[in-house]
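Same order as they appear, the protein sequences are chains A and B. First residue of the first sequence: 19, per my numbering; consecutive thereafter. First residue of the second sequence: 19, per my numbering; consecutive thereafter. Since the structure comes first, as structure tokens, the remarks are kept for the end.
2 protein chains.
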Amino acid sequence: MKIITVSREFGSGGREIGKRLADELGFAYYDREIVSAIAEKTSLDEGYIERTLDSSILNQVYPVTFSRTFAFSYHNIANATNLLAKQHQVVRELSQKGDCVIVGRSADALLSDLNPFKLFVYADMQSKIDRCKKRAEEGENFTDKEYKKKIEKIDKARAENHDFVSSYAWGDMKNYDLCINTTNIDIKAIVPKLAEYIKTIY
Amino acid sequence: MKIITVSREFGSGGREIGKRLADELGFAYYDREIVSAIAEKTSLDEGYIERTLDSSILNQVYPVTFSRTFAFSYHNIANATNLLAKQHQVVRELSQKGDCVIVGRSADALLSDLNPFKLFVYADMQSKIDRCKKRAEEGENFTDKEYKKKIEKIDKARAENHDFVSSYAWGDMKNYDLCINTTNIDIKAIVPKLAEYIKTIY
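Okay, here's the thing in structure tokens:
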């Protein structure tokens, strides 16, 4: 069974690389499917699951404010850790169905015993801001500074949640097989070459 | 003019990747040629030049011991900075002769205004030790621990000397276009794929 995990900075085009790579290789592609599968298992709302899993777990375990009751904070911890466990279960189940590409969800760490090929995708800040702008929903009108803040916040949560289930750090190159800088590159054009590279060694 | 710079951890196979990539692309390859050209310009011994450039410049500027005279330490600084300046000159001259691959020598930083394609090659420690062992000269009989120490010392000097002439850090992925982990991979097999990847975007 071959598993390619794609870890990525927000706005770097990692999801696009993952999707195109899966198509190129004829592998299954898992991204939002994971959230849907957790929703099925838990009967929780997909939006709620996504918000909880994509927020920093540490912030939920150690709430910044203690003005609310302990019960509320405990409730958060229980939910977040329960969802993390479900995520692990779902990621593992999907990985056993056949060759696949999994984007995010700390799959590189959760499946490390299965020896996945681990990609990390990154880009410089302006390039990430520009990509976010291009993909902005109608009515979304952030300044560059606001996008930068959003990108940094999301990546911080990704790093914290990854490191919560892993012995190594998110974004530290030595933990990946290949790290791709997408600044100024045509993702569509490079994916076939990337697929060839991976096929040669994995 | 196309310039590919290869920065690499000691023992990771970066030099082999650089040489094979140059052959694959039909580019000139510069590595020891740089030391020879500096020797010609300065009438200094190649071994001396290499030792000076490959030792930490910072250690030469701030000598650990002050037991020798200031004149001696000043002499070292003057030699080291003079050689760095000559290295810059030689790297630039070579880069203007035509498409090329340059291994090491902080060429990524020295030529950053020429927009080179910047590769970083790395591997896990055991893999680097094994590679060093395979390439050991006859009679060389280091333990793993000794190889590890040697690798760390050389990489520390590379990082310091790079950062002496650069605004960004050696080995920090965001400063490279592609970072390749060579742990357990067949370099000969991946270079043609790598060449295709680079040709597509550079």
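Glycine included, each C-beta is placed from N, C-alpha and C at the ideal position.
| Could you give the distance in angstroms between the alpha-carbon of residue 145/A and the alpha-carbon of residue 159/B? | Distance between the alpha carbons of residue 145/A and residue 159/B: 49 Å.
| message | I'd like to know whether the C-beta of residue 166/B is nearer than 8 Å to at least one C-beta of chain A. | response | Not closer than 8 Å to any Cβ of chain A, the Cβ of residue 166/B fails to qualify, so no.
| request: Please list the residues of the segment 167-181 of chain B that have a C-beta atom closer than 8 Å to any C-beta atom in chain A, keeping them in chain order. | output: If the cut-off is 8 Å between Cβ atoms, the segment 167-181 of chain B has nothing near chain A.
| If you measure from the beta carbon of residue 49/A to each beta carbon in chain B, is any gap under 8 Å? | No - not a single Cβ of chain B is within 8 Å of the one on residue 49/A.
| residue 191/B burial status per 10 Å Cβ neighbour count (16 or more: buried) | When all chains shown are included, residue 191/B counts as buried.
| message | If contacts are defined as beta-carbon pairs under 8 Å, then residue 27/B and residue 140/B qualify, I think. What distance do you get, rounded to the angstrom? | response | Between residue 140/B and residue 27/B the Cβ distance is about 5 Å, and since that is below 8 Å, they are a contact.
| Where residue 75/A sits in the DSSP three-state scheme | In the structure shown, residue 75/A falls within a helical segment according to DSSP collapsed to helix, strand and coil.
| query | What in chain B is Cβ-close to residue 206/A, meaning under 9 Å? | reply | What residue 206/A touches in chain B: nothing, since even the nearest Cβ is about 10 Å away.
| field | Status (buried if at least 16 other CB within 10 Å, exposed otherwise) for residue 162/A | value | When all chains shown are included, residue 162/A counts as exposed.
| task | With a 10 Å radius around its C-beta and 16 neighbouring C-beta atoms as the bar for buried, classify residue 47/B as buried or exposed. | result | Taking all protein chains shown into account, residue 47/B has 16 or more neighbouring C-beta atoms within 10 Å of its C-beta and is therefore buried.
| task | Tell me whether residue 186/A is buried or exposed, calling it buried when 16 or more other Cβ atoms sit within 10 Å of its Cβ. | result | Counting the other Cβ atoms within 10 Å of the Cβ of residue 186/A gives fewer than 16, which makes it exposed.
| request: Starting from the C-beta of residue 61/B, find all residues in its chain whose C-beta is less than 8 Å away, skip the five residues before and the five after it, and write them out in chain order. | output: A distance below 8 Å between beta-carbons, with the five flanking residues on each side excluded, links residue 61/B to no residue of its chain.
| Rounded straight-line distance, which links the Cα of residue 51/A to that of residue 25/B | Answer to the nearest angstrom: the Cα atoms are 39 Å apart.
| said: Please list the terminal residues of the continuous alpha helix (DSSP H) segment that includes residue 38/A. | reply: Where residue 38/A is concerned, the enclosing alpha helix (DSSP H) stretches over 32-43.
| query | chain A beta carbons: is any one of them nearer than 8 Å to that of residue 35/B? | reply | No, no contact with chain A.
| message | For a test of the three-state rule: what should DSSP assign to residue 12/B, helix, strand or coil? | response | Residue 12/B is absent from the structure shown; chain B starts at 19 and stops at 220.
| Roughly how many whole angstroms lie between the Cα atoms of residue 102/B and residue 197/B? | Their Cα atoms are separated by approximately 26 Å.
| Closer than 8 Å, CB to CB, is residue 215/A near chain C or not? | The structure shown contains no chain C; the protein chains it does contain are A and B.
| message | Distance check for residue 212/B and residue 215/A, CA to CA, integer angstroms please. | response | Cα to Cα, the separation comes out at about 7 Å.
| task | For the segment 184-201 of chain A, enumerate the residues whose C-beta is nearer than 7 Å to any C-beta of chain B, in chain order. | result | Shown in chain order are the members of the segment 184-201 of chain A whose Cβ falls below 7 Å from a Cβ of chain B: 191, 192, 194, 195, 196, 197, 198 and 199.
| field | Per-residue DSSP class, three states only, for residue 62/A | value | In the structure shown, residue 62/A falls within a coil segment according to DSSP collapsed to helix, strand and coil.
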